[in-house]
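Chemist:
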Amino acid sequence: DLRSLCKRLQITTKDEVNLKHGTSTKAELEPETFKPNLREPSELLEVNQIEKLAGHLPPRTIGYPWTLAFGTSKHGMSIKTLYRAMQGQDTPILLVIKDSDGQVFGALASEPFKVSDGFYGTGETFLFTFNPEFEVFKWTGDNMFFIKGDMDSLAFGGGSGEFGLWLDGDLYHGRSHSCKTFGNPMLSKKEDFYVQDIEVWAFE
């Protein structure tokens with residue numbers, strides 16, 4: 001039958017993906033299941049935070065090393081530089097923000113950031129926070145407002161006139177609000193926040 005053929009060809013079925021990676025946002029994963037390999041250390045994420053995030057990444061990223069494509073400590077605080085760093089990338093992109101309150105949160109984008117007329121991306125996109133504990137907010141199916149980029153801002157999620165996560169063109173001022181796309185609460189302590197550092201990871 002099809003299932004046994006899949007096993008012989010080592011094709012993973014959707015049920016097996018769900019079984020392995022879980023569909024719950026707070027699913028506890030076996031520690032040995034995910035051992036992410038970072039090409040260089042993260043200045044923003046601790047090892048246990050990396051492992052928690054890895055358990056929710058799209059299956060197509062698993063097995064690929066995390067590569068730091070952009071970091072404000074290296075590249076400065078400019079959205080134009082960020083977009084330039086995205087050229088040539090074709091993997092999902094992990095955005096990690098540390099704000100001036102020391103809170104860590106961000107987004108997994110289904111594709112690299114770019115300047116766009118409207119929203120782009122797929123339901124692989126999600127928001128996350130470690131404030132006060134780790135939570136992931138996946139697509140609710142309510143709308144398709146995943147990612148939107150222009151030369152003055154980068155935004156994730158929408159509905160009712162509010163973005164789930166928004167950054168300005170200097171990557172310095174940001175805002176987080178509940179949104180229909182991801183059903184998330186505010187990711188930061190305060191709706192308006194100031195960025196201390198950003199890391200952007202690709203999987204290649």
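Numbering (UniProt numbering) for the sequence shown: 1 to 204. Using N, Cα and C, we set each Cβ at its ideal position, and we do this for glycine too. Computed from a prediction, not measured in an experiment: that's the story for all the values here.
Please list the terminal residues of the continuous alpha helix (DSSP H) segment that includes Y83.
Modeler: Here the alpha helix (DSSP H) through Y83 covers 79-86.
Chemist: Where G76 and I93 are concerned, what is the direct C-alpha to C-alpha distance, given to the nearest angstrom?
Modeler: So the alpha carbons of these two residues sit roughly 18 Å apart.
Chemist: Identify every run of the beta strand (DSSP E) within the segment 31-71, keeping only runs that are complete inside it and at least 3 residues long; order them along the chain.
Modeler: For the segment 31-71, whole beta strand (DSSP E) runs of length 3 or above, ordered along the chain, are 66-71.
Chemist: Are L127 and N184 touching if we call contact CB-CB under 8 Å?
Modeler: Yes.
Chemist: For the beta strand (DSSP E) holding G183, just list the boundary residues, first then last.
Modeler: From DSSP, G183 is part of no beta strand (DSSP E); its letter is neither H nor E.
Chemist: Smallest Cα separation from L44: which of F145, Q103, S178?
Modeler: Closest option to L44, Cα to Cα, is Q103.
Chemist: Closest to G169 by C-alpha separation, out of D152, E162, F182, R175, would be which residue?
Modeler: Checking every option, the nearest Cα to that of G169 belongs to D152.
Chemist: So what does DSSP say about S110, is it helix, strand or coil?
Modeler: It is coil, neither helix nor strand.
Chemist: For C179, which residues from the same chain have a beta carbon less than 7 Å from its beta carbon, with the 5 sequence-adjacent residues on both sides left out?
Modeler: Contacts found: G157, G158, G159, E162, F163, G164.
Chemist: Cα separation between S188 and N131?
Modeler: Looking at the two C-alpha atoms, the distance is approximately 7 Å.
Chemist: For T140, which residues of its own chain have a beta-carbon under 7 Å away from its beta-carbon, when the five flanking residues on both sides are left out?
Modeler: Around T140: K180, T181, F182, G183.
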